[in-house]
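Visitor:
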Amino acid sequence: MKPTKLILTLFLTCSLVPAACSLVFAVGEDVIVAGDTQAASMSLEPVSRAATPSGSEGEIIYSNDTDDDTIFVYDGTDWVSFSANQNVATVIVAASNSLDTSRADYECNGTNDQYEINQAILDVYYNPTADPNRVGGVVYLLEGTYNISDTTFTNYTDPLGGSDISIATKGIVMRDNISLIGAGAGTVLQLVSGTSGLSVINAASVNRLLISQLTIDGQDTGSNNIGIFFNSAVTNSKIDSVWVDRMKTQGIRLYGTSPGSSTYNTISNCTISNSSSNGLGIFWADNNIIYDNIIKANNQSSGDAGIFIMTSDNNVISNNQIVDNGLFPQDAPGIWFMMGGDNNLILNNNIQGNSQQGIKITGDYNIMGGNNIESNEFSGIMSGGKANLISGNTVKSNDMHGIYLMASAADDNSISFNFIADNDVNNTLSYDGIHIDSGSNNIIISNRLMNNDRYEINISSLTATNNYLAGNYTYGADHVGEILDSGTNTKYTGKEKITLERVSDFSSSSPDASYTKLSSSGSVTVPDGKSAGDILILEGPDTGTAVPSGNIRFCGVHSNHNLGADDNLVLIWTDDAFSGTPVPSWLELSYSDN
Numbered sequence: 002m003k004p005t006k007l008i009l010t011l012f013l014t015c016s017l018v019p020a021a022c023s024l025v026f027a028v029g030e031d032v033i034v035a036g037d038t039q040a041a042s043m044s045l046e047p048v049s050r051a052a053t054p055s056g057s058e059g060e061i062i063y064s065n066d067t068d069d070d071t072i073f074v075y076d077g078t079d080w081v082s083f084s085a086n087q088n089v090a091t092v093i094v095a096a097s098n099s100l101d102t103s104r105a106d107y108e109c110n111g112t113n114d115q116y117e118i119n120q121a122i123l124d125v126y127y128n129p130t131a132d133p134n135r136v137g138g139v140v141y142l143l144e145g146t147y148n149i150s151d152t153t154f155t156n157y158t159d160p161l162g163g164s165d166i167s168i169a170t171k172g173i174v175m176r177d178n179i180s181l182i183g184a185g186a187g188t189v190l191q192l193v194s195g196t197s198g199l200s201v202i203n204a205a206s207v208n209r210l211l212i213s214q215l216t217i218d219g220q221d222t223g224s225n226n227i228g229i230f231f232n233s234a235v236t237n238s239k240i241d242s243v244w245v246d247r248m249k250t251q252g253i254r255l256y257g258t259s260p261g262s263s264t265y266n267t268i269s270n271c272t273i274s275n276s277s278s279n280g281l282g283i284f285w286a287d288n289n290i291i292y293d294n295i296i297k298a299n300n301q302s303s304g305d306a307g308i309f310i311m312t313s314d315n316n317v318i319s320n321n322q323i324v325d326n327g328l329f330p331q332d333a334p335g336i337w338f339m340m341g342g343d344n345n346l347i348l349n350n351n352i353q354g355n356s357q358q359g360i361k362i363t364g365d366y367n368i369m370g371g372n373n374i375e376s377n378e379f380s381g382i383m384s385g386g387k388a389n390l391i392s393g394n395t396v397k398s399n400d401m402h403g404i405y406l407m408a409s410a411a412d413d414n415s416i417s418f419n420f421i422a423d424n425d426v427n428n429t430l431s432y433d434g435i436h437i438d439s440g441s442n443n444i445i446i447s448n449r450l451m452n453n454d455r456y457e458i459n460i461s462s463l464t465a466t467n468n469y470l471a472g473n474y475t476y477g478a479d480h481v482g483e484i485l486d487s488g489t490n491t492k493y494t495g496k497e498k499i500t501l502e503r504v505s506d507f508s509s510s511s512p513d514a515s516y517t518k519l520s521s522s523g524s525v526t527v528p529d530g531k532s533a534g535d536i537l538i539l540e541g542p543d544t545g546t547a548v549p550s551g552n553i554r555f556c557g558v559h560s561n562h563n564l565g566a567d568d569n570l571v572l573i574w575t576d577d578a579f580s581g582t583p584v585p586s587w588l589e590l591s592y593s594d595n
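Numbering-wise, the sequence shown is residues 2 to 595 according to this note's numbering.
1. Taking one C-beta from the region 64-81 and one from the region 94-110 each time, how about it: are there three or more such pairs within less than 8 Å?
2. Where does residue 589 sit, in a helix, a strand or coil, going by DSSP?
3. Look up residue 102 in the DSSP assignment and say whether it is helix, strand or coil.
4. Taking only the alpha-carbon atoms, compute the straight-line gap between residue 533 and residue 472 and give it to the nearest angstrom.
5. Which residues in the same chain as residue 408 place their Cβ atom closer than 6 Å to its Cβ, once the five residues preceding and following it in sequence are excluded?
6. So what does DSSP say about residue 142, is it helix, strand or coil?
7. Which two residues bound the contiguous alpha helix (DSSP H) that contains residue 499?
8. Between residue 342 and residue 313, how many whole angstroms is the CB-CB distance? I'm expecting something under 8 Å.
9. If I follow the unbroken alpha helix (DSSP H) through residue 119, where does it start and stop?
10. By alpha-carbon positions, which one of 184, 363, 434 ends up nearest to residue 395?
11. Let's test the definition: count the other Cβ atoms within 10 Å of the Cβ of residue 556 and tell me whether it reaches 16, buried, or not, exposed.
12. Out of curiosity, what's the CA-to-CA distance linking residue 406 and residue 365?
13. Kindly list the residues whose CB is nearer than 6 Å to the CB of residue 22, restricted to its own chain and excluding five residues on each side of it in sequence; keep chain order.
14. Could you give the DSSP three-state label for residue 172: helix, strand or coil?
15. Can you tell me the Cα-Cα spacing of residue 60 and residue 66, whole angstroms?
16. Taking C-alpha atoms, which residue in 99, 100, 115, 180 lies nearest to residue 125?
17. Grab the span of the beta strand (DSSP E) containing residue 348 for me, first residue to last.
18. Can residue 242 and residue 274 be called in contact, C-beta distance under 7 Å?
19. So, are the CB atoms of residue 370 and residue 392 less than 7 Å apart?
20. With a threshold of 6 Å on Cβ separation, who are the neighbours of residue 216 within its own chain once the five nearest residues in sequence on each side are excluded?
21. Which residues in the same chain have their Cβ closer than 6 Å to the Cβ of residue 232, if we skip the five residues on either side of it in sequence?
22. Between residue 123 and residue 173, how many whole angstroms is the CB-CB distance? I'm expecting something under 8 Å.
23. Which runs of the beta strand (DSSP E) at least 3 residues long sit entirely within the region 360-411? Give them in chain order.
24. Rounded to whole angstroms, what's the CA-CA distance from residue 315 to residue 283? Just pull it up for me.
25. Contact check, residue 522 vs residue 545 under 8 Å by CB: the rounded distance?
26. Let me know the secondary structure DSSP gives residue 451 once reduced to three states.
27. If I'm right that residue 564 touches residue 590 with Cβ under 8 Å, what's the distance once you round it to whole angstroms?
28. What do you get for residue 441, buried or exposed, if any count of 16 or more other CB atoms within 10 angstroms of its CB means buried?
29. In angstroms with no decimal places, state the Cα-to-Cα distance between residue 211 and residue 362.
30. Given that a residue counts as buried once 16 or more other Cβ atoms are within 10 Å of its Cβ, and exposed if not, what is residue 490?
31. Helix, strand or coil for residue 246? Go by DSSP, reduced to three states.
32. In whole angstroms, what separates the C-alpha of residue 547 from that of residue 516?
33. In angstroms with no decimal places, state the Cα-to-Cα distance between residue 337 and residue 481.
34. Cα separation between residue 171 and residue 56?
35. Using the rule of at least 16 other Cβ atoms within 10 Å of the residue's Cβ for burial, across every protein chain shown, is residue 584 buried or exposed?
36. Can you tell me which of 470, 477, 476 puts its alpha carbon nearest to the alpha carbon of residue 486?
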């Protein structure tokens, strides 16, 4: 390591001394002058602070004791450090073209620059003065270009004085509690042309890392290269304000060797672009947070995604710009959950212009909310999982369906409060606002659907059962129709249609439901309604006849009706006058003797 440089200006009470002259002060003598003087340099003879237990107040010494190598001033009680101690857990590395290399502990020469960076990490990690339970510190990379190759080395210096250290892993190798911090986008870690099979920054089974304020440039060279690779079990770490560009595989990869083994990491404020595969890949990694990133123009040569997630649970993906991924048509979703992925939150992202779906998901119990999903080349959202919540999204101008519940596995989902418009943007008359294949028990409520080219809502299969549609607002003129229902036992509560659930008999002081099947014959007292306009449909018992009684006004010549099997009486609760007295009552609307 280079010695710390110190510029010290002393203002003495002395007379102006000509520059050509030199002064030698005898030990113990006082020199009294008037005015200020300035000297180009000043040298202090090294002494042992331990051998100099006290001094005069204001006295300055340079101590060469072990772990000192610094200047001290005596404050009247003790020696106080006057400059930085070299043995701190901070190391500065300069590139070969950094503007000021004088501040650096290591200076790279532009070839195999990972060597100096790895040595700096070892110096910090094996800091001999550190608490062994709190190893780690900061490695600062000055501005400039660092050329990273796939060469490995066996001759790293052991800061503790042992034998040389060998590092078999290619690239920059992180260790526990290390912060690798650049000077902003001008700190560039650049792959050497032809380099293959490495991660520029590699972290394996380590914890509490920070990687920040630097650029990683893969230069579109080689193959199987990754910008930052969190391998095996990396936890409680953060990647922030990093620019990753032109990697010949993935920009950033979080990878666990088993489900949930790479956890509690954060990736934020990063730009990941022009990777040949995924911009960000998350594999068997749980409880991570991905927010405020720009992930664009990735997946230039393979069938991956802007963000690719496999068998990973409880992650948060929020406030990201996920745009223009997939160089070739029909190639890259914006976000792709493959082989499951449960209990994830996908919130407030802008997912636009991707060459496949905006979101493609097969997991269960996920929440997709507040996203803008626009102008993607397949459907806006395609879900093949169950019990997912899709709510509060804007889904518009996608080439295929707005929201697509795919196949029979898409059960028990809730689609609510979305704005879904202008999908099937090429006007093929083949795609819908919401399309349900054969999923069952899905709730579709309070969505606004407009000008989706075929149907606003299409339940396309007889095997799609017990789906519920309520309060959806469908409008516009650019569609074949509002709702096409080929499903079984679909229930409605909306302006187009209402479905009444049939219950048996009465169990309270007012009707339990609008559709009641009577189970016994004889006289049946009908409870009063609750509000004017309440509808009540009575169906006769399977055997015998039932005779409704109570506050009922029958039409025509009938004073009552005997309801047998499959007979129906339809009533409405009204507060109009009955026999001259304003007594609320049921009014007969229709009677069907079947």
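Note that CB positions come from ideal geometry on N, CA and C, so glycine has one too.
Guide: According to the structure data:
1. With the cut-off at 8 Å, the region 64-81 and the region 94-110 do not touch.
2. Counting from 1 along the sequence shown, the entry for residue 589 is found at position 588. DSSP places residue 589 in the strand class (E or B) of the three-state scheme.
3. Position 101 of the sequence shown, counted from the start, is the residue given in the question as residue 102. Helix, per DSSP.
4. By one-based count along the sequence shown, residue 533 stands at place 532. By one-based count along the sequence shown, residue 472 stands at place 471. Going by C-alpha positions, residue 533 is about 21 Å away from residue 472.
5. Along the sequence shown, read from residue 1 onward, the residue named residue 408 stands at position 407. Answer for residue 408: 385, 438, listed in chain order.
6. Within the sequence shown, numbered from 1, the residue matching residue 142 stands at position 141. Secondary structure at residue 142: strand, using DSSP grouped into helix, strand and coil.
7. Position 498 of the sequence shown, counting from 1, holds the residue named residue 499. Counting along the chain, residue 499 falls outside any alpha helix (DSSP H), and DSSP gives it neither H nor E.
8. Residue numbering aside, residue 342 sits at position 341 when the sequence shown is read from its first letter. Residue numbering aside, residue 313 sits at position 312 when the sequence shown is read from its first letter. Between residue 342 and residue 313, the beta carbon gap of about 5 Å places them in contact (Cβ cut-off 8 Å).
9. The residue given as residue 119 occupies position 118 in the sequence shown. 115-126 is the extent of the alpha helix (DSSP H) around residue 119.
10. The sequence position of residue 395 within the sequence shown is 394, counting from 1. Answer by Cα proximity: 434.
11. Stepping through the sequence shown from its first residue, residue 556 is reached at position 555. Residue environment: residue 556 is assigned as exposed (fewer than 16 neighbouring CB atoms within 10 Å of its CB, all protein chains considered).
12. Looking up residue 406 in the sequence shown gives position 405. Looking up residue 365 in the sequence shown gives position 364. So the two alpha carbons sit approximately 13 Å from each other.
13. Position 21 of the sequence shown, counting from 1, holds the residue named residue 22. For residue 22, the predicted model reports a pLDDT of 47, less than 50, meaning its position is unreliable; a value from the coordinates is still stated below. Same-chain partners within the cutoff: there are none.
14. Your numbering for residue 172 matches position 171 in the sequence shown. Of the three classes helix, strand and coil, the one that applies to residue 172 here is coil, per DSSP.
15. Looking up residue 60 in the sequence shown gives position 59. Looking up residue 66 in the sequence shown gives position 65. In this structure, the alpha-carbon of residue 60 lies about 17 Å from that of residue 66.
16. Within the sequence shown, the letter at position 124 stands for residue 125. Of the candidates 99, 100, 115, 180, the one whose C-alpha sits nearest the C-alpha of residue 125 is 180.
17. In the sequence shown, the residue the question calls residue 348 occupies position 347. Note, residue 348: beta strand (DSSP E), 346-348.
18. Counting from one through the sequence shown, the residue named residue 242 turns up at place 241. Counting from one through the sequence shown, the residue named residue 274 turns up at place 273. With respect to the 7 Å criterion, residue 242 and residue 274 are not classified as neighbours on the basis of their beta carbons.
19. Counting from 1 along the sequence shown, the entry for residue 370 is found at position 369. Counting from 1 along the sequence shown, the entry for residue 392 is found at position 391. A contact, by the Cβ cut-off of 7 Å.
20. As a working mapping, residue 216 is identified with position 215 in the sequence shown. Excluding residues within five positions, the ones whose Cβ falls inside 6 Å are 186, 189, 244.
21. Along the sequence shown, read from residue 1 onward, the residue named residue 232 stands at position 231. Take residue 232, set aside five residues on each side of it, and the residues of its chain with a beta-carbon closer than 6 Å to its own are 205, 256, in chain order.
22. By one-based count along the sequence shown, residue 123 stands at place 122. By one-based count along the sequence shown, residue 173 stands at place 172. So it is not a contact: roughly 12 Å between Cβ atoms.
23. Runs of the beta strand (DSSP E) inside the region 360-411: 360-362, 368-370, 373-375, 382-384, 390-392, 395-397, 404-406.
24. As a working note, residue 315 is residue 314 in the sequence shown. As a working note, residue 283 is residue 282 in the sequence shown. Between residue 315 and residue 283, the C-alpha separation is close to 12 Å.
25. Walking along the sequence shown from the start, residue 522 turns up at place 521. Walking along the sequence shown from the start, residue 545 turns up at place 544. Rounded, the Cβ-Cβ distance is 3 Å, consistent with contact.
26. Along the sequence shown, read from residue 1 onward, the residue named residue 451 stands at position 450. Three-state DSSP puts residue 451 in a strand.
27. Residue mapping note: residue 564 aligns to position 563 of the sequence shown, counting from 1. Residue mapping note: residue 590 aligns to position 589 of the sequence shown, counting from 1. Wrong, their Cβ atoms sit about 15 Å apart, outside the cutoff.
28. For this step, residue 441 is matched to residue 440 along the sequence shown. Residue 441 should be labelled buried.
29. As a working note, residue 211 is residue 210 in the sequence shown. As a working note, residue 362 is residue 361 in the sequence shown. Going by the C-alpha atoms only, they are around 30 Å apart.
30. Sequence index remark: in the sequence shown, residue 490 carries index 489 (1-based). Counting Cβ neighbours within 10 Å, residue 490 comes out exposed, since fewer than 16 surround it.
31. As a working mapping, residue 246 is identified with position 245 in the sequence shown. Residue 246: strand per DSSP, three-state reduction.
32. The sequence position of residue 547 within the sequence shown is 546, counting from 1. The sequence position of residue 516 within the sequence shown is 515, counting from 1. Straight-line Cα distance between these residues: approximately 15 Å.
33. Looking up residue 337 in the sequence shown gives position 336. Looking up residue 481 in the sequence shown gives position 480. About 31 Å.
34. Against the sequence shown, residue 171 aligns to sequence position 170. Against the sequence shown, residue 56 aligns to sequence position 55. If I take the Cα positions, the gap works out to 53 Å.
35. Mapped onto the sequence shown, residue 584 falls at position 583. Residue 584 should be labelled exposed.
36. Here residue 486 corresponds to residue number 485 of the sequence shown, with the count starting at 1. Per the Cα distances, 470.
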